[in-house]
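Below is one structure, written out as structure tokens; comments come after it.
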Amino acid sequence: MSPDVLPPLLLLLWTSAPCWCAPQHTCHPGDELLGRCSTGARQDRAACTELNLGYCNDLDYSRTIFPNILGHQSRVEAESGAEYLLLSVIHGLLNGECSPEIRLVGCSVLASPCRDDKMIKPCRRTCEALRKDCSHAFEAIEMAWPYFLDCDRFFASDQEGCFDPLAGLKGKVELALSSLSPEEPSTIIQFTYTSNSQMYSLLKRTAAKCAHICHVYSIGRSTEGRDLLVIEFTNNPGQHELLEPEVKMVGNMHGNEVLGRQLLIYLAQYLCSEYNLGNQRIQTIINSTRIHILASMNPDGYELASSEGHLLNGWTNGRSNAQNIDLNRNFPDLTSIFYRNRRSRHYRTDHIPIPDGYWFGKVAPETYAVMKWIRSLPFVQSASLHGGELVVSYPFDFSRHPQEERMFSPTPDEQAFKQMARTYADAHATMSNNDTDRCGASFYRNRGIINGALWYSFAGGMSDFNYLHTNCMEITVELGCDKFPPEAELYPEWKRNKEALLSFLESVHRGIKGEVKNTDGNGIKGATVSVRGIRKDVTTAEDGDYWRLLNPGTYIVTATAKGYSKVSKRVHLPHRMNKAGRVDFVLEKVLTFSALLQMCTSARLLTLFFFLITPFLHRSPWSLVLKTTSFPRWTAGSGLIPTTSLSASARVTEVWRGRRSRGGGTTSPSLAFHPRPGC
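Residue numbers (mature numbering (1 follows the signal peptide of the UniProt record, and there is no 0)): -21 to -1, 1 to 658.
Okay, structure coming up:
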């Protein structure tokens, strides 16, 4: 990066670099206090003074001492230095990352606390932890770590006596959150574990802060009565918009696997705050996608696991719900049905109905709530966040051979699933690395992804149910070896997963999308969109829109609906296409064989009816009026209803093209009697 292309703030710092990238004094900064050098003139003994630096006015102490660690002799000299200038613009330079931590630690160097006329240095461990977490932010703008935050030079060890400049930050945030009512907005991201009540409060405050793009809703309750709370992000909250894909993310299905829960809470807060700050990428995601986040599917299990904390790494209690049901084994086993019938050409291998026998078993309320949720919205793709490994697995999770616990068992959408899994794994900081020490499994050979049944087989999983019962394609993300990592790891884990989470949300905009309409321009609900060579169809939503996840390539796509013609199109998706292609279909109504048979049967019955009723019509002051609303494109004299069957006393007063009902059936003929003219 050259000076002529630097932003103004960086340019200012570039020009002043000699002033702050190296000490400005002949003696090393701080040496005067240690008696290692002398300025040649006798100095008055240093004493504590009031802290009066504008950008450091929120520290946990009010008195400091000069000269400071850097050798500044007074407040005026400190404020005129390049170090203070950097602290004043650091938030903008780093786009809000590591803020206010960098500023607080920098202020602890410029104005260290003073007690009994003695300086107390900031702790080295705090500096080292901050540098580990925030070096990437400086690297992103090609800027070196500030010299005055040299952890070895200007900071002290615990044994020497020091203070933690960030100790009060956690307490302040918790106090601020606790002082707000659930209705008051807050998008403060604090990387700590949250209880169930804190989670509900955070999500509600986030929704209040960003009411124009999100709202919260409950899909049901857990066994112990806790809400299964979802936060939704879209530019039109609460409404499905035409051609806008719906994505869901589910965490904490196993109560002791808690990292996914926390990451989804952070993601919700991040989406809200970044949208309001004008982050173009986040605004594009939210304005073009409807996102649903269920941070905790098993709040009862989490309540039990959190009582033990991270000391046992979550391997003990809390996996199951309060009924001791493993929720990821509790969904209908549709995969076995798929395997039994996949060789039959006439058996549908998608949108498999739930077997009646399933309801005779024990269905957890959490499972039932999620099943209703999945069926109620036209989800396109989904991710379920787990813990205990570092890998992304994709369906099928149940082996095609019951006796084989580890057998590659692909779905018809194997290639699309692999691409979805790689999207997350490749964007993750370490998941696709060639690291041979990965929780005991060798996933590095496949770049951090694996077919679920090849890893280990189980029936009743949520991902298989999504795929075989609905249009939705779901992957399972194992976030790391620790199911319940220490709290100090939450922020680093967020940094490792943030890009992967955002990339996953963006990846729904691939393949094709469109509308299936009739010749009147109305969308056809429940129409089928199929791709030649992939035995898995998707169906249209309420307004006739659909989405089909596909990899780049050439496909023959066909749209069909009961009572309508079939339309096929050849579609080419180039490799560099960064959004879903638009493919619309217009279907014409057709007279099917079953409809024709029904009409012929109705015609025979009408002929018999007219034969029996004709003698009475000759004696009655009423004439028969026939409305043939079920006979499209046919008139009474077309041959289906013989004209000879209509007596001279009966008049056909109205015949028009039949309209098919929304359910796909035709309306029945209606008979009406009217007074004869002249009677």
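Quick reminder that beta carbons are idealized off the backbone N, C-alpha and C, glycines included. Values in this document were obtained by computation on a predicted structure and should not be read as measured data.
Would you mind stating whether residue i and residue j have Cβ atoms separated by less than 9 Å?
{"i": "arginine 103", "j": "cysteine 141", "result": "yes"}
{"i": "leucine 30", "j": "valine 226", "result": "no"}
{"i": "residue 697", "j": "glutamate 211", "result": "Since the first and last residues shown for the chain are -21 and 658, residue 697 lies out of range."}
{"i": "valine 456", "j": "valine 371", "result": "yes"}
{"i": "arginine 54", "j": "histidine 70", "result": "no"}
{"i": "threonine 346", "j": "tyrosine 373", "result": "no"}
{"i": "aspartate 392", "j": "lysine 496", "result": "no"}
{"i": "leucine 469", "j": "phenylalanine 170", "result": "yes"}
{"i": "alanine 506", "j": "threonine 498", "result": "no"}
{"i": "leucine 208", "j": "methionine 232", "result": "no"}
{"i": "lysine 462", "j": "glycine 542", "result": "no"}
{"i": "proline 344", "j": "serine 201", "result": "yes"}
{"i": "asparagine 445", "j": "arginine 489", "result": "no"}
{"i": "aspartate 516", "j": "lysine 504", "result": "no"}
{"i": "methionine 122", "j": "phenylalanine 310", "result": "no"}
{"i": "isoleucine 261", "j": "leucine 481", "result": "yes"}
{"i": "arginine 385", "j": "tyrosine 435", "result": "yes"}
{"i": "threonine 173", "j": "valine 487", "result": "no"}
{"i": "tyrosine 534", "j": "valine 510", "result": "yes"}
{"i": "lysine 341", "j": "isoleucine 304", "result": "yes"}
{"i": "phenylalanine 377", "j": "aspartate 312", "result": "yes"}
Measure from the alpha carbon of residue i to the alpha carbon of each residue in the options, then state which is nearest.
{"i": "alanine 408", "options": "Phe387, Asp563, Trp473, Gly33", "result": "Trp473"}
{"i": "alanine 187", "options": "Leu128, Ala247, Leu145", "result": "Ala247"}
{"i": "methionine 399", "options": "Met276, Leu469, Leu221, Arg527", "result": "Arg527"}
{"i": "leucine 364", "options": "His115, Asn307, Leu72", "result": "Asn307"}
{"i": "isoleucine 491", "options": "Asp524, Ile503, Thr586, Gly505", "result": "Asp524"}
{"i": "proline 216", "options": "Gln177, His271, Ala25", "result": "His271"}
{"i": "threonine 537", "options": "Met556, Glu494, Asp522, Pro553", "result": "Glu494"}
{"i": "phenylalanine 396", "options": "Glu453, Tyr172, Ala404, Asp279", "result": "Glu453"}
{"i": "serine 361", "options": "Ala301, Ile316, Lys477, Thr449", "result": "Thr449"}
{"i": "valine 237", "options": "Gly257, Thr202, Trp352, Asn296", "result": "Asn296"}
{"i": "alanine 479", "options": "Asp405, Trp352, Asn175", "result": "Asp405"}
{"i": "tyrosine 318", "options": "Asp443, Ser285, Phe310, Lys548", "result": "Asp443"}
{"i": "glutamine 138", "options": "His115, Pro101, Ser174", "result": "Pro101"}
{"i": "leucine 273", "options": "Ile198, Asp95, Val88, Ile48", "result": "Ile198"}
{"i": "glutamate 203", "options": "Tyr281, Thr185, Asp129", "result": "Tyr281"}
{"i": "isoleucine 244", "options": "Thr185, His219, Asn300, Asn266", "result": "Thr185"}
{"i": "cysteine 93", "options": "Asp129, Ser41, Glu287", "result": "Ser41"}
Just how far apart, CA to CA, sit residue i and residue j?
{"i": "asparagine 255", "j": "cysteine 189", "result": "8 Å"}
{"i": "tyrosine 326", "j": "glycine 234", "result": "38 Å"}
{"i": "glutamate 253", "j": "leucine 73", "result": "14 Å"}
{"i": "aspartate 131", "j": "alanine 57", "result": "21 Å"}
{"i": "leucine 109", "j": "tryptophan 124", "result": "11 Å"}
{"i": "isoleucine 118", "j": "aspartate 112", "result": "The amino acid occupying residue 118 in the given sequence is glutamate; isoleucine does not appear at that position. So the two alpha carbons sit approximately 12 Å from each other."}
{"i": "asparagine 277", "j": "methionine 410", "result": "26 Å"}
{"i": "isoleucine 192", "j": "threonine 213", "result": "5 Å"}
{"i": "leucine 181", "j": "glycine 85", "result": "30 Å"}
{"i": "leucine 242", "j": "cysteine 251", "result": "14 Å"}
{"i": "serine 388", "j": "serine 275", "result": "29 Å"}
{"i": "leucine 619", "j": "threonine 586", "result": "Confidence is the limiting factor: at leucine 619 the pLDDT is only 36, short of 50, which leaves the residue's position unreliable, though a coordinate-based value still follows. Going from the Cα of leucine 619 to the Cα of threonine 586 covers about 10 Å."}
{"i": "aspartate 206", "j": "arginine 555", "result": "43 Å"}
{"i": "asparagine 320", "j": "arginine 424", "result": "33 Å"}
{"i": "leucine 38", "j": "proline 144", "result": "8 Å"}
Kindly indicate the opening and closing residues of the alpha helix (DSSP H) around residue i.
{"i": "glutamine 394", "result": "393 to 406"}
{"i": "lysine 351", "result": "344 to 355"}
{"i": "valine 88", "result": "80 to 89"}
For residue i, which three-state DSSP category applies?
{"i": "glycine 280", "result": "helix"}
{"i": "threonine 586", "result": "helix"}
{"i": "glycine 544", "result": "As written in the sequence, residue 544 is serine, which differs from the glycine given in the question. In the structure shown, serine 544 sits in coil (DSSP, three-state: anything other than H, G, I, E or B)."}
{"i": "glutamine 360", "result": "strand"}
{"i": "phenylalanine 422", "result": "helix"}
{"i": "methionine 228", "result": "strand"}
{"i": "threonine 268", "result": "coil"}
{"i": "asparagine 497", "result": "strand"}
{"i": "aspartate 143", "result": "coil"}
{"i": "proline 471", "result": "helix"}
{"i": "methionine 122", "result": "coil"}
{"i": "methionine 178", "result": "helix"}
{"i": "lysine 188", "result": "helix"}
{"i": "residue 692", "result": "An answer regarding residue 692 cannot be provided, because it is not within the stretch -21 to 658 covered by the chain."}
Output yes if chain D places a C-beta closer than 9 Å to the C-beta of residue i; else output no.
{"i": "serine 482", "result": "The question asks about chain D, but that chain is absent: this structure has only one protein chain."}
Residue range of the beta strand (DSSP E) that residue i falls in?
{"i": "phenylalanine 444", "result": "Where phenylalanine 444 is concerned, there is no enclosing beta strand (DSSP E), although the alpha helix (DSSP H) it sits in stretches over 441 to 448."}
{"i": "tyrosine 534", "result": "532 to 539"}
{"i": "lysine 111", "result": "First-last for lysine 111: 103 to 119, but that is the alpha helix (DSSP H), not the beta strand (DSSP E)."}
{"i": "phenylalanine 564", "result": "564 to 566"}
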